[in-house]
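Peer 1: Okay, here's the structure, questions in a sec.
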């Protein structure tokens with residue numbers, strides 16, 4: 001399977017489109033992974049709206065609340081967090097993930113399960129395989145796959161669809177800065193802007209809605225940045241959370257700060273969780289494969305983005321910091 | 332004249348193209364404003380390369396050095412900082428500015444002066460009017476105008492042209508986050524990526540090449556952020572420059588940090604210059620017209636980005652901070 005980012009356009013499988021078109025399939029639940037980000041929420045809302053436009057009865061579901069960054073998205077207030085009693089009457093469409101447990105839906109019975117995802121494929125146990133599976137790791141965002149589905153279904157892209165899909169694509173490409181930014185993703189985005197998406201509105205909501213507490217936390221965390229031999233480490237302690245009043249979700253994307261350093265080949269964010277366990281997020285700006293190090297510590301991920309949790313350095317940020325400097329030495 | 336961002340494509344005037352096509356016009360100097368940023372450098376290098384491809388003899392000129400952020404751009408090492416003796420044999424093409432003084436070229440004699448710009452037009456004194464003027468304030472970047480010229484001239488877009496034009500467009504739209512991000516700019520960018528521009532390479536060079544000193548300066552500056560009634564102010568003192576070892580150019584784009592605050596409608600960066608004069612950069616995230624305030628202090632700019640310098644609060648960052656809070660009160 002092609003795993004590098006490719007240019008698309010990606011054509012949805014005929015069987016998947018036929019399933020959506022079939023009038024017998026009336027009820028859908030569109031869901032995504034827990035702790036949803038822009039691609040998960042945007043894809044969920046866009047596919048739900050598109051299927052409704054074709055006459056389906058659709059529930060947009062996520063176990064977790066829509067993060068406040070994404071509450072501006074049209075339809076976000078309609079995301080529900082509890083399932084109807086008769087789930088077996090519904091087809092489940094998982095977007096931006098490929099196994100029900102990622103959406104906290106393991107063991108729930110649905111009429112069928114369909115998967116639309118751009119991550120490396122999960123393997124399925126016996127009887128677990130979804131009835132329809134469209135997994136394209138080469139595609140920069142699940143929202144881009146949904147975009148191609150919407151077009152293939154002939155649904156007109158209105159402002160609501162455009163805003164959700166644009167947000168999905170632009171956030172998952174880091175505002176068109178990550179390696180997965182393709183010509184195809186820019187081209188789709190151009191079409192979505194023509195259809196009413198406003199890039200500046202999306203950017204203001206996603207990147208410029210920090211709380212004062214989060215800003216305080218960043219100030220404290222910035223002071224911990226240390227660069228050694230190409231590895232930049234930033235850490236956030238429980239004490240910092242308490243003195244700033246910030247919460248765990250506020251460290252999202254803090255890895256972006258140590259990686260701004262010119263001489264950083266690897267950026268690390270260490271976070272002390274409430275129980276003293278440490279979480280490490282590893283990012284590579286170049287050729288270093290951070291997954292290898294994450295795996296040594298019991299974690300995983302991709303070459304350029306990996307992570308792990310450990311109890312071995314409980315409440316000892318400095319100890320783990322030294323251990324990671326040592327691991328990346330000479331990389 | 333249409334001043335809102337419009338979608339394009341923008342068609343270069345036939346007279347401008349004819350001038351470039353005319354074999355009698357052989358020698359060109361392509362120049363841009365002093366303190367050049369991505370759009371200035373990218374447009375300069377792209378137009379110079381494109382004209383060379385059509386057989387012209389071209390000098391790429393800037394009074395100032397190419398900032399290290401942009402030294403990765405193909406051709407950047409060929410930008411010269413001194414003029415040939417016989418400037419009157421050359422046609423000057425100003426990109427991303429519309430008057431010679433902005434390029435520190437006032438009083439220098441050229442065969443002709445041509446202007447390709449996307450700022451609000453300057454007014455010209457008697458005898459100052461350029462022979463060819465293509466000024467489209469609605470266009471998000473000078474690089475996008477150069478893109479349309481390159482295409483109109485039939486020059487094939489190779490990797491060198493693509494990388495320079497992509498950098499020009501993506502930096503001037505704030506990585507497709509500013510209000511000036513149009514469908515046309517995304518579409519052109521898609522074409523440039525197909526032609527070899529690498530978005531992640533550009534982003535790493537532009538946004539992730541901070542010096543340790545600059546990071547230290549940011550840490551100090553972050554601590555000064557104060558939000559009052561919708562106005563967020565950050566300040567940088569001479570003392571901070573000295574203790575961090577950073578230099579004046581290191582505060583570029585620091586306004587991006589106070590504006591991350593959700594409740595900030597206006598973001599202000601105050602910088603103490605070496606002689607104690609204060610410089611203020613004002614940014615609006617919404618409807619507040621910061622130009623009006625900048626004008627009161629003797630400066631100018633646009634509705635959403637304006638600034639001024641003042642000696643009235645010499646070495647008194649706190650005083651100017653209070654004065655600005657007062658100005659924006661109740662906005």
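Residue numbers (the working numbering), protein chains in the order written: chain S, 1 to 331; chain Z, 332 to 662.
Glycine is no exception: its CB is placed at the ideal position from the N, C-alpha and C atoms.
From a predicted model like this one, the values you see are computed outputs, not experimental measurements.
Would you identify the three-state DSSP class for residue 443 of chain Z, choosing helix, strand or coil?
Peer 2: In the structure shown, residue 443 of chain Z sits in a strand (DSSP, three-state: E or B).
Peer 1: Quick one: Cα of residue 570 of chain Z to Cα of residue 545 of chain Z, how far?
Peer 2: The straight-line gap from Cα to Cα measures roughly 14 Å.
Peer 1: Quick one: list the residues of chain Z neighbouring residue 219 of chain S, beta-carbon separation under 7 Å, in chain order.
Peer 2: Those are 553, 554, listed as they occur along chain Z.
Peer 1: Among the residues of its own chain, which have a CB less than 6 Å from the CB of residue 474 of chain Z, if the five just before and after it don't count?
Peer 2: So the qualifying residues of the chain are 370, 373, 374, 496, 499, 500.
Peer 1: Against residue 534 of chain Z, what residues of chain S qualify as contacts under a CB-to-CB distance less than 7 Å, listed in chain order?
Peer 2: Correct list: 177.
Peer 1: Should the segment 207-222 of chain S be called in touch with the segment 543-557 of chain Z, which here means at least 3 C-beta pairs below 8 Å?
Peer 2: Short answer: they touch.
Peer 1: Output the boundary residues of the alpha helix (DSSP H) element that contains residue 478 of chain Z.
Peer 2: 473-483 is the extent of the alpha helix (DSSP H) around residue 478 of chain Z.
Peer 1: Along chain Z, in chain order, which residues have C-beta atoms closer than 8 Å to that of residue 285 of chain S?
Peer 2: By Cβ distance, chain Z contributes 535, 539.
Peer 1: Against chain S, with Cβ distances strictly below 9 Å, would residue 579 of chain Z count as a contact?
Peer 2: Not an interface residue.
Peer 1: Return the chain-ordered list of same chain residues with a C-beta closer than 8 Å to the C-beta of residue 183 of chain S, the five sequence neighbours on each side being excluded.
Peer 2: Here the set comprises 7.
Peer 1: What residues of chain S sit near residue 558 of chain Z, judged by a beta carbon separation below 7 Å?
Peer 2: Simply 212.
Peer 1: Residue 522 of chain Z CB to nearest chain S CB: under 9 Å?
Peer 2: Yes, residue 522 of chain Z counts as interfacial toward chain S.
Peer 1: I want to see whether chain Z comes within less than 9 Å of residue 174 of chain S, judged by CB atoms only; does it?
Peer 2: With 9 Å as the cut-off, residue 174 of chain S counts as an interface residue toward chain Z.
Peer 1: Under a CB-based cut-off of 9 Å, is residue 187 of chain S close to chain Z?
Peer 2: Taking Cβ atoms only, chain Z reaches closer than 9 Å to residue 187 of chain S, which makes this a yes.
Peer 1: When you compare only the Cα positions, how much space is there between residue 405 of chain Z and residue 423 of chain Z?
Peer 2: Their backbone Cα atoms lie some 22 Å apart in a straight line.
Peer 1: Whose CA, out of S/272, S/163, S/199, S/209, lies closest to the CA of residue 234 of chain S?
Peer 2: Answer by Cα proximity: S/272.
Peer 1: Any beta-carbon of chain Z closer than 9 Å to the one on residue 199 of chain S?
Peer 2: Residue 199 of chain S counts as touching chain Z.
Peer 1: Can we say the segment 50-69 of chain S touches the segment 107-126 of chain S, given the rule of at least three CB pairs closer than 8 Å?
Peer 2: Segments in contact, no.
Peer 1: Looking at the structure shown, is residue 636 of chain Z part of a helix, part of a strand, or coil, going by DSSP?
Peer 2: DSSP places residue 636 of chain Z in strand when its eight states are reduced to three.
Peer 1: DSSP puts residue 598 of chain Z in a beta bridge; with which residues?
Peer 2: In the DSSP output, where bridge partners are listed per residue, residue 598 of chain Z has Z/563, Z/614.
Peer 1: Considering just the uninterrupted stretch of the beta strand (DSSP E) at residue 56 of chain S, what are its terminal residues?
Peer 2: Here residue 56 of chain S belongs to no beta strand (DSSP E), and DSSP marks it neither H nor E.
Peer 1: Assuming the contact rule is C-beta atoms closer than 8 Å, residue 11 of chain S and residue 148 of chain S should be a hit. Round their C-beta distance to whole Å, please.
Peer 2: Right, their Cβ atoms sit about 7 Å apart.
Peer 1: Mind checking if residue 619 of chain Z is an interface residue toward chain S, Cβ cutoff 9 Å exclusive?
Peer 2: Answer no: the Cβ-Cβ gap between residue 619 of chain Z and chain S never drops below 9 Å.
Peer 1: Only counting runs of 3 or more residues, tell me where the beta strand (DSSP E) segments fall wholly within the segment 525-581 of chain Z, in order along the chain.
Peer 2: Taking only runs of at least 3 residues, the beta strand (DSSP E) segments lying wholly in the segment 525-581 of chain Z are 557-559, 562-567.
Peer 1: Under 8 Å by Cβ, that's how I've got residue 510 of chain Z and residue 394 of chain Z pegged, so tell me the actual separation to the nearest angstrom.
Peer 2: No, residue 510 of chain Z and residue 394 of chain Z are not in contact; Cβ-Cβ is about 30 Å, not under 8 Å.
Peer 1: Please list the partners that residue 593 of chain Z has in chain S, where partner means a Cβ-to-Cβ separation under 8 Å.
Peer 2: Result: 208, 209, 210, 211.
Peer 1: Can you tell me where the alpha helix (DSSP H) holding residue 20 of chain S begins and where it ends?
Peer 2: Residue 20 of chain S -> alpha helix (DSSP H) spans 14-21.
Peer 1: Closest Cβ-Cβ distance between residue 141 of chain S and chain Z: below 9 Å?
Peer 2: It does not: the Cβ of residue 141 of chain S has no partner Cβ on chain Z nearer than 9 Å.
Peer 1: In angstroms with no decimal places, state the Cα-to-Cα distance between residue 440 of chain Z and residue 464 of chain Z.
Peer 2: Rounded to the nearest angstrom, the two C-alpha atoms are 18 Å apart.
Peer 1: State the DSSP-derived secondary structure class of residue 178 of chain S, mapped to helix, strand or coil.
Peer 2: If DSSP states are grouped into helix, strand and coil, residue 178 of chain S belongs with coil.
Peer 1: Where does residue 450 of chain Z sit, in a helix, a strand or coil, going by DSSP?
Peer 2: Residue 450 of chain Z: coil per DSSP, three-state reduction.
Peer 1: Mapping the DSSP letters down to three states, classify residue 296 of chain S as helix, strand or coil.
Peer 2: It is helical.
Peer 1: Do the segment 284-295 of chain S and the segment 250-258 of chain S meet, that is, are 3 or more Cβ pairs less than 8 Å apart?
Peer 2: Too few Cβ pairs lie closer than 8 Å, so no.
Peer 1: Anyone know if the C-beta pair for residue 95 of chain S and residue 30 of chain S falls short of 9 Å?
Peer 2: Going by C-beta atoms, residue 95 of chain S is nearer than 9 Å to residue 30 of chain S.
Peer 1: Name, please, each residue of chain B whose Cβ falls closer than 7 Å to the Cβ of residue 525 of chain Z.
Peer 2: Absence of chain B from the displayed structure is noted, the protein chains being S and Z.
Peer 1: DSSP three-state label for residue 91 of chain S, please.
Peer 2: Three-state DSSP puts residue 91 of chain S in a strand.
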